[in-house]
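Note that the sequence shown covers residues 1299 to 1366 in my numbering.
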Amino acid sequence: MYVCLCKGVSDHKLRATVEDGARSWREVQGETGCATQCGKCAPVAKAITRDAIRSEMQASVADLAYAV
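What follows is the structure, given as structure tokens:
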């Protein structure tokens, strides 16, 4: 679904940006341009970004190996 109509940014693009290493809303915004024009999409885009970052962080913790 398109989140930012002004810049043509979808929820998939936001999640992909997080998967590629962005770890803050500012980084995602800078990479995608989302919410830089009218800003009406910011609350939804931030929520999607927050959820994507949380998922990425949980996945990275699950991948940690511990010495036994």
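Even for Gly, the Cβ is constructed at its ideal location relative to N, Cα and C.
All figures in this text were calculated on a predicted structure; none of them were measured in a lab.
To the nearest angstrom, how far is it from the Cα of residue i to the Cα of residue j?
i	j	result
G1319	A1357	13 Å
V1326	V1342	13 Å
G1306	E1354	24 Å
R1348	G1328	15 Å
V1301	C1336	12 Å
R1352	C1332	19 Å
R1321	H1310	16 Å
E1317	A1340	19 Å
Confirm, please, whether the CB-CB distance from residue j to residue i is below 7 Å.
i	j	result
T1315	T1330	yes
K1344	W1323	yes
Under the assumption that residue i contacts residue j (Cβ atoms under 8 Å), give the Cβ distance between them as a whole number of angstroms.
i	j	result
A1277	R1313	Absent from the model: residue 1277. The displayed extent of the chain is 1299 to 1366, so no value can be given.
Flag residue i as yes if its beta-carbon sits less than 7 Å from any beta-carbon of chain C, otherwise no.
i	result
L1312	This model lacks chain C altogether; it includes just one protein chain.
Every unbroken alpha helix (DSSP H) inside the segment 1314–1355 [4 residues or more]:
1323–1330
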